[in-house]
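Below: one structure, written as structure tokens.
There are 6 protein chains.
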Amino acid sequence: MNSGDFQPVSGFDLPRFAGIATFMRLPHITFDDDRISEVEIGLIGVPWDGGTTNRPGPRHAPRQLRDYSTMIRSQNGVTRTKPFELARCADLGDVGPNPADVQDSMARITAFYSKVVNAGIRPLSAGGDHLCTLPILRALAKDRPLGMVHFDSHTDLFHSYFGGFKYTHGTPFRRAVEEGLLDPKRVCMIGIRGPAYDFEDRDFADAVGIRVIPIEEFHARGVADVMAEARAIAGSGETYVSYDIDFIDPAFAPGTGTPEIGGPNSFQALEVVRGLRGLNIIGADLVEVSPPFDTSGATAFLGVTIMFELLCVLAECKARQAGR
Amino acid sequence: MNSGDFQPVSGFDLPRFAGIATFMRLPHITFDDDRISEVEIGLIGVPWDGGTTNRPGPRHAPRQLRDYSTMIRSQNGVTRTKPFELARCADLGDVGPNPADVQDSMARITAFYSKVVNAGIRPLSAGGDHLCTLPILRALAKDRPLGMVHFDSHTDLFHSYFGGFKYTHGTPFRRAVEEGLLDPKRVCMIGIRGPAYDFEDRDFADAVGIRVIPIEEFHARGVADVMAEARAIAGSGETYVSYDIDFIDPAFAPGTGTPEIGGPNSFQALEVVRGLRGLNIIGADLVEVSPPFDTSGATAFLGVTIMFELLCVLAECKARQAGR
Amino acid sequence: MNSGDFQPVSGFDLPRFAGIATFMRLPHITFDDDRISEVEIGLIGVPWDGGTTNRPGPRHAPRQLRDYSTMIRSQNGVTRTKPFELARCADLGDVGPNPADVQDSMARITAFYSKVVNAGIRPLSAGGDHLCTLPILRALAKDRPLGMVHFDSHTDLFHSYFGGFKYTHGTPFRRAVEEGLLDPKRVCMIGIRGPAYDFEDRDFADAVGIRVIPIEEFHARGVADVMAEARAIAGSGETYVSYDIDFIDPAFAPGTGTPEIGGPNSFQALEVVRGLRGLNIIGADLVEVSPPFDTSGATAFLGVTIMFELLCVLAECKARQAGR
Amino acid sequence: MNSGDFQPVSGFDLPRFAGIATFMRLPHITFDDDRISEVEIGLIGVPWDGGTTNRPGPRHAPRQLRDYSTMIRSQNGVTRTKPFELARCADLGDVGPNPADVQDSMARITAFYSKVVNAGIRPLSAGGDHLCTLPILRALAKDRPLGMVHFDSHTDLFHSYFGGFKYTHGTPFRRAVEEGLLDPKRVCMIGIRGPAYDFEDRDFADAVGIRVIPIEEFHARGVADVMAEARAIAGSGETYVSYDIDFIDPAFAPGTGTPEIGGPNSFQALEVVRGLRGLNIIGADLVEVSPPFDTSGATAFLGVTIMFELLCVLAECKARQAGR
Amino acid sequence: MNSGDFQPVSGFDLPRFAGIATFMRLPHITFDDDRISEVEIGLIGVPWDGGTTNRPGPRHAPRQLRDYSTMIRSQNGVTRTKPFELARCADLGDVGPNPADVQDSMARITAFYSKVVNAGIRPLSAGGDHLCTLPILRALAKDRPLGMVHFDSHTDLFHSYFGGFKYTHGTPFRRAVEEGLLDPKRVCMIGIRGPAYDFEDRDFADAVGIRVIPIEEFHARGVADVMAEARAIAGSGETYVSYDIDFIDPAFAPGTGTPEIGGPNSFQALEVVRGLRGLNIIGADLVEVSPPFDTSGATAFLGVTIMFELLCVLAECKARQAGR
Amino acid sequence: MNSGDFQPVSGFDLPRFAGIATFMRLPHITFDDDRISEVEIGLIGVPWDGGTTNRPGPRHAPRQLRDYSTMIRSQNGVTRTKPFELARCADLGDVGPNPADVQDSMARITAFYSKVVNAGIRPLSAGGDHLCTLPILRALAKDRPLGMVHFDSHTDLFHSYFGGFKYTHGTPFRRAVEEGLLDPKRVCMIGIRGPAYDFEDRDFADAVGIRVIPIEEFHARGVADVMAEARAIAGSGETYVSYDIDFIDPAFAPGTGTPEIGGPNSFQALEVVRGLRGLNIIGADLVEVSPPFDTSGATAFLGVTIMFELLCVLAECKARQAGR
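Now the structure itself:
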């Protein structure tokens, strides 16, 4: 069903280190380009870390992720999914933020994703810090709440910081619930851990019905069992997937701003995404990769491998719904 | 029970990257300060690596650990222990060593810890190399032997190095047993591994009754089973905990002088400390973090997270014994 | 004239790697402390990079600069100035910013420095990005414009960014002139270089009378000649010194967000500060050190050495005016 | 049976950081040296990465591995094997490649290993990229095919690259089967994973009877079960062991050119080698360590620890066959 | 004269860290694109290091140089040249090499540049190692020899390596002279230094009339005098400029494979290019940047700044010849 | 006069990254080797940093310097000296220190160098920290005081540290003068700089007649003038050369424990050694390279280039005195 136009460049033809870096070596197609109407899944960078309360850097992630994504090939080694044959994929470029103004940047992001939604494209985004997800959801969920599977070491459900400031990377899902963008009963947060100031976030989750699976439960039950529950919570409705790289243990993903000790290993980091197969996924993101703290590039490479796994489940969903 | 004076600064008020770095953002209280009499648990740096036989650097650890400890918050995410509410904690600063003289440095350390002991303060120390533990024990155990739970990849029970030299970071517990500072029947060493020159250390352990649990046994039995045995060995008597960061696999803790391949992962690294709950712990240390080899800071961050877990069990013990 | 209380710790007594890190190993004195009334020069951190348009990180600079400042001793090797004998110096700690809100952070900074001014303390600040200087000047120059000697590779005189946004690290001195905080006729900018979008900033400088000495002129004339002109421009009036670390060539100062090729070397970097001797200096800052990009710490060490040179001219000025 | 001549230097005598670096601190013995006739196992470097299609660097591995091998001691901590007492081992130095000519380099390597074979020495090689193994096998297997246990994330069974080029690090075992150097029925490949362009390599494996155990099967079955099958496949015939460092997860072994996410941890990395005990091993290699990407040296240290485990099984086999 | 299509993106509009990385944020135009016929200067990557005899890595340079080139703005700060207004510039992408075959790669490069020449485009190339320049010259100089100004620490005039191998990065200009691609009387080599095996290269230079200016002469005479001589040597004929990043001292450009101590500083590195103004330049390259050894990115940033200076003299020449 | 035995391996024959690393690829000859009697200049490592008061690491320098010394070739590019043809040179290996005992280590070093002296070999040493030079001088100057040219940013003339401790890397030349190993009237110290605690060291120098040339004088007068004075001070008597890598600015030599800002550049770093030509040099050392802080290896490479320049003047002196 897919024309050759939307295929990635092969490393058997052009060495991986050669060529201008786009996500997964896909064509770069902007909204000025006629081919935009054919795109089904758009890979988008959100180079913005204006909500970061600790170590900065995710503004540099989209470019680094594009660079490392040339290591990605075209088929899933485990599921044998061929995402680029299942759906027409393209790199839509980056949203241009205003690094010195939070509200302006959020407005720019929502405006960009509204165009994506209007074009019928499902977004696979590379943040940016986790506050990026809020303006993305404002575009994707503007007319009905979504379910969400959320991989993270933090709930990002806090009320406010620094004397009442409501927009940081620790608050997006509190805002998203308040704004009706998420259906809390269909939200599952996996991997939560680390020392805490208080449990105000967890109390909020309990109050609105968000299911939080802390890391000790994750390790005790294993991936298969946890993901079965996550699928049951998300159900058959439209679901967003938000994957914070700090879900994974910092030995595997050191390049992030607020790491927490004791997370899943890299094999589990991929397995959990494969555990999403069958869900009705309309968008996904991978956030909080911070290249300045990613000494060896290991985090970026893990990040793009997760993006590829997310792309596989997005493409399978698209193809299934398109009757392919 | 605890006045506000001994509380850490919150990252919701002052960003984590701001402020002069003390251990866990606690107040810095010296022996000149009136408040010293109120302190129950003292966090102390021992910036000394004079006993190091291979790659140096732990002299720089206390400062780096203070820096990364601003990532620590106030409650344990798993046990929900609130150490700063259970006991009055403070940063007591660093012992000043003589980097060019081993005996002088050991005398300085013992003198400092004698003041700590006399003030009724339980020490949580950040080394320094493992030889630090010997002069600490000389102060803490001067009138009776202690039990010890020891996490490490090495026994540190060797007789001597370089033609008979008896004081290196490979010998502290041989000396401690000889000097009557440890009761070998109440000592358990966990995680021992790596290629060996000979097994002279292990033979000594067997001869005096120290229980050594090598890594292959640790992996086969699991944390819960191993820690049950460790608790049984330490018993109800006064117990010291010595945690060498090289207990953990070098992928998680690269910044150390003598790493050994194949150790526990970071979740297990925290679990073993939680497995100490209920013991009568009168002091603890975290040693052998070497910042010059800690390219990304990952080891320091893991180290302070372990220190926080150690603080939780120390504070629980103190509160329990104080009838709180 | 100076009591021992305000002396730095000597590395002959306590090794440089030991002890809690304060600026130049000075006592940490807050506004709650009685001794604050005796302080004449306050070293202050401004851990904030909310105005950064490119690579972030200066929020981490004050802590890293404190760490490296333990390499500083007590006397100037060239001028033989003893700043700690000339004036009572202390580390006043950090201003607490709001990392996600530019206006709130600027208000906090101005409020802090108003207290500093009211206490009669001359500030030596460690940024932070260059936007920090604007709220500092709002406190220092609130009742009359100051002269300024400005070392930088950029003029920071731009009008706005990203569609009209007026507060970034590229605009502080445009704002300061507009707000009457600087007397442009008494302002000299030294070291300006790099490719440009346009010369709107330079045209503004010409229009208001700011003297810009570009790098090719600096290299052609040499330090002595350039600094003689700078002193003549600043004159005998109250003068502020703002030192952006990117004034220096990136081989000497790689850890900064917007480096420009071809700057002065490290010896010249110190010489220019010694060229300020005799001016009426009421405050100074060193900004734009970015630890995440300072792979080896070289920039931090150069930065604190510049701070020490700045302290020497500040202390000489204070002592001279106090008739010491 | 072994004279003292072939013993490594002990770290109890000469600190590990001292002395000219040879593999495991063994004597360096060249073919010009009379003692060459006594050598039974030769450690050899192949500093060549002419077959690398992506990130280069293994040309630097032998020297870095020698450096880190001073961390190795003389006995296996788990099996208690003493390889240097079981067989006479020496460092034979490096093969000198031609970095700009693939065919010339392969000819030089085969020539060197033919001398090794003729001297009755079993080689333990440190690559170099994986193409090194082909010219090594041409010497070792010139008169009969060998079995092979192959640890890797890639099969290295591809036909060709870049329009028909047949000699890269992705093709050595395709060539080795075609050239009759390997008996495919006695070859087992373990740990295969990662996204794929196609499964042409896997189809070839199936066609010729090579057993491929992908990573998800490895994780599901565990080391003991997988290695039992590997031993059964290799059988009692002469067997070569080829260990690509990218078999291991990149968190443990970041310094390699084509990492793949989700591999074994470091304990499993050693366990699999111990699972080779009892096989008839006539040579082994450790390849694809790339120092320029090994930011912290962790990969080199893991690499030499694997080499030590390989040496233990090589020496046990030699001793067993010599009736010791 | 120039349409807006060929203008770089401004950092005032889109932050520098945002967007897909092309050289200097120019449009990416391939030979399939209609606009190719309008391009006057093409920026081209040659990601190939097959001629490297020591430390590898330049294959990764084009991508890293594109990333850092987003730091470049649109006007020269010293000469005030506006290259993008003087000539239509575009990023033509990378030549696709065969990393495992030297001759095949050279043929591919010559074929690509023949298209460039045929399209009337002047190339500004980013290597790759210095062997790249030979196949480029084979396209550019196929019908008459060129003059050349060559900045380097090595002459690259050696006859052969490793027993007669004639194609490495130490031999391109020996071959170019032999093949009649360069007119040795119009060739000037500047900055030559370092310990030598012998002076066979220098003897060849003398024999054919190439002028070699060693580093001690460069430092003694200064940039202006040396460049006046270089201009006189190149004369008014067509001239190529080849700039090896190792011309510059390794403190300024550490990321290269064969650094030599004692070179020019970064200001001189730019000045020498400005010293080429007025020459008849038909092409230029910047080679030998090796990202794996460029720990902090400093070399890449210096490299792209040199490329911008080269672009300025190329564009001035083009505009002058076009009568603009 | 020199047999081929003492020639370094050429990079035209064996690539520089290949082979076991010895100093400058010379043969490794120990005192057990018959050829020792032929050696005229011995390159020796002293892997010891027991006198270090601040950042450690020089214990790792000899091995890293050997590694980088494979970049050295056989002739001086400026003076055209061929040291390996002028004198028989060999790598004598490392002195084995006791890393935990200062006095024991000094005794071992003196014992080793006594053998060197007795064998008639002139030593070129690679430290180690600067305290190494004291025990070396005890062997070389045991029967008469030597002159010395000393390149450094510190005088190393302090009396004691940490309450009277007399043996650190800040005291060796105070001790050497006291012990009669140096003739202070024939000692010249060049490059001294940095902030100071006091000038007790400088007062001592003045009192005994040591000439100290501070950095500002060095920069003002230039290399030629300074070195003419240094030669005059050393005169025609036997002279030792001690070169601390921190003489050079830290941008060029970051990998050292106590850097000081504002030193010479790398070209001057070599020029000063060439300024020693003609002196009667009987030994030399290069100390204080600290690999753990040498992020990119730049310091090691600069260090070995200085060693090569030192070797050239040593070999010229030897040849001259031997009447060659």
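Protein chains in written order, with UniProt numbering: chain A, 1 to 324; chain B, 1 to 324; chain C, 1 to 324; chain D, 1 to 324; chain E, 1 to 324; chain F, 1 to 324. Built from N, CA and C at the ideal position, the CB exists for glycine as well.
Taking the Cα positions, B/TYR68 is about 20 Å away from F/ARG55. DSSP, read as helix, strand or coil, puts F/PRO259 in coil.
When C-beta distances to chain C are compared with 8 Å, the residues of the stretch 11-34 of chain B below that value are ASP13, LEU14, PRO15, PHE17, ALA18, GLY19, ILE20, ALA21, THR22 and HIS28, in chain order. With fewer than 16 other Cβ atoms inside 10 Å of its own Cβ, B/ASP143 counts as exposed. For D/ALA100, the chain E residues whose Cβ falls inside 9 Å of its Cβ are GLY50, GLY51, THR52, THR53, VAL102, LEU131, TYR161, PHE162, PHE165, TYR167, THR168 and HIS169, in order along the chain. Within the stretch 182-208 of chain E, the runs of alpha helix (DSSP H) at least 4 residues long that lie entirely inside it are, in chain order, 200-208. Chain C places a beta carbon closer than 9 Å to that of F/PHE199, counting this residue as a contact. Between B/PRO291 and B/ALA300 the beta-carbon gap is near 7 Å, inside 8 Å, which marks them as a contact. The continuous beta strand (DSSP E) containing B/VAL46 extends over residues 41-46. A direct Cα-to-Cα measurement between F/THR22 and F/ASP249 gives close to 27 Å. Under the three-state reduction of DSSP output, D/ALA300 falls in the helix class. E/ARG16 carries a coil assignment under DSSP once its states are collapsed to helix, strand and coil. A residue is called buried when at least 16 other Cβ atoms come within 10 angstroms of its Cβ; E/GLN103 does not meet this threshold and is exposed. At a cut-off of 3 residues, the continuous stretches assigned as beta strand (DSSP E) that sit fully inside the stretch 221-291 of chain B are 238-244 and 280-287. Interface criterion met: the Cβ of B/ALA251 is under 9 Å from a Cβ in chain A.
Straight-line measurement puts the Cα of B/ILE233 at about 25 Å from the Cα of B/THR81. A contact between stretches requires three or more CB pairs, one per stretch, nearer than 8 Å, and the stretch 36-56 of chain E meets this requirement with the stretch 6-26 of chain A. Scanning D/GLU260, D/SER266, D/ASN118 and D/GLU309 for the CA closest to the CA of D/ALA284 turns up D/GLU309. What A/PRO195 touches in chain B, judged by beta-carbon distance under 8 Å, is ILE72, ARG73, SER74, GLN75, ASN76, GLY77, THR305 and PHE308, going in chain order.
Counting every other CB atom within 10 Å of its CB across the protein chains shown gives C/GLN321 a total below 16, marking it as exposed. For A/ALA126, the pairing in a beta bridge is given by DSSP as A/GLY45 and A/LEU286. The C-beta of B/GLU288 has 16 or more other C-beta atoms within 10 Å across all chains shown, which makes the residue buried. Within chain D, no residue has its CB atom less than 8 Å from the CB of F/ASP285, the nearest being about 17 Å off.
For F/LEU92, the uninterrupted beta strand (DSSP E) segment begins and ends at 89-94. Residue environment for C/GLU271: buried (at least 16 other C-beta atoms within 10 angstroms of its C-beta). Our two residues, B/ASP101 and B/PRO58, have alpha carbons roughly 16 Å apart in a direct line. Here DSSP, grouped into helix, strand and coil, assigns A/ARG211 to strand. Nearest to F/GLY209 by alpha-carbon distance, out of F/GLU216, F/VAL223 and F/ARG174, is F/ARG174. Distance from the CA atom of D/SER125 to the CA atom of D/LEU311, rounded to whole angstroms, is 10 Å.
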